[in-house]
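*Asks:*
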Amino acid sequence: MKKILTSILAAALIFSLAACSSNKLAEVYKEDEVIARAKEIVDIINTYSYDEVTAELREDLQDQLTAEQLESALDSQLKAAGEFLEYKTEAVYGQKDSSEDKDYAVAVLICKYENASLTYTISMDKDLNIVGLYMK
């Protein structure tokens, strides 16, 4: 069930950025703000506050992903990873949705936990609302 839900979340991310091409971060974004926003989300995830995470999604996406679905997808892997230790790697790139002519920012954070490393891929719109979230 967990793998299915994780696959659904990944598919949702891919679908939400369908017809996008990878490129440099659009001028509307500041790299440090995108990284800070992504870290905010990871910090919330690390407290297991899944209701808070879903509240950070862009409004039109909030009814598509419930806190229970998020918990089911992330909780066991997050608990197995143990205590959060540090951010190891941070990267930001841009995505362009050519069908809607919209730019998105994508932050990739590799985080070290006491028992594992987890990689978060977090996509944001121009207002830094979360439009995609993936953890592996």
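Number 192 in our numbering belongs to position 55 of the sequence shown; there are no gaps in the numbering. A virtual CB, placed ideally from N, CA and C, is assigned to each residue, including glycine. All figures in this text were calculated on a predicted structure; none of them were measured in a lab.
With which residues is Asn160 paired in a DSSP beta bridge?
*Replies:* Gly231
*Asks:* Label Val165 either buried or exposed according to how many other C-beta atoms from any shown protein chain fall within 10 Å of its C-beta, with 16 as the threshold for buried.
*Replies:* exposed
*Asks:* Around the C-beta of Ala228, are 16 or more other C-beta atoms found within 10 angstroms, so that it is buried, or is it exposed?
*Replies:* exposed
*Asks:* Asp262 by DSSP, collapsed to three states: which one?
*Replies:* coil
*Asks:* Can you tell me where the alpha helix (DSSP H) holding Ala217 begins and where it ends?
*Replies:* Looking at the DSSP string, the run of the alpha helix (DSSP H) that includes Ala217 is 204-218.
*Asks:* I'd like to confirm the pairing. Which residues does DSSP put opposite Ala254 in its beta bridges?
*Replies:* The residue asked about is misnamed: residue 254 is Ser in this sequence, not Ala. In the DSSP output, where bridge partners are listed per residue, Ser254 has Lys249.
*Asks:* In three-state DSSP terms, what is Asp169?
*Replies:* helix
*Asks:* Given 7 angstroms as the limit, tell me if Val165 has its C-beta closer than that to any heavy atom belonging to the ligand MG.
*Replies:* Absence of the ligand MG from the depicted structure is noted, as is the absence of any ligand whatsoever, leaving it without description.
*Asks:* With the cut-off set at 8 angstroms, would you say Glu208 and Lys249 are in Cβ contact?
*Replies:* no
*Asks:* Considering Cα atoms alone, identify which of Ala192, Leu265, Ile182 is closest to Gly231.
*Replies:* Leu265
*Asks:* Along the chain, where does the alpha helix (DSSP H) containing Tyr271 start, and where does it finish?
*Replies:* Not the alpha helix (DSSP H): Tyr271 falls in the beta strand (DSSP E), residues 267-272.
*Asks:* So, Thr258 versus Val245, is the Cβ gap smaller than 8 angstroms?
*Replies:* yes
*Asks:* What are the start and end residues of the alpha helix (DSSP H) that includes Tyr185?
*Replies:* Here Tyr185 belongs to no alpha helix (DSSP H), and DSSP marks it neither H nor E.
*Asks:* Let me check one thing: in DSSP terms, what residues is Leu198 bridge-paired to?
*Replies:* For Leu198, which the question treats as bridged, DSSP gives no partner whatsoever.
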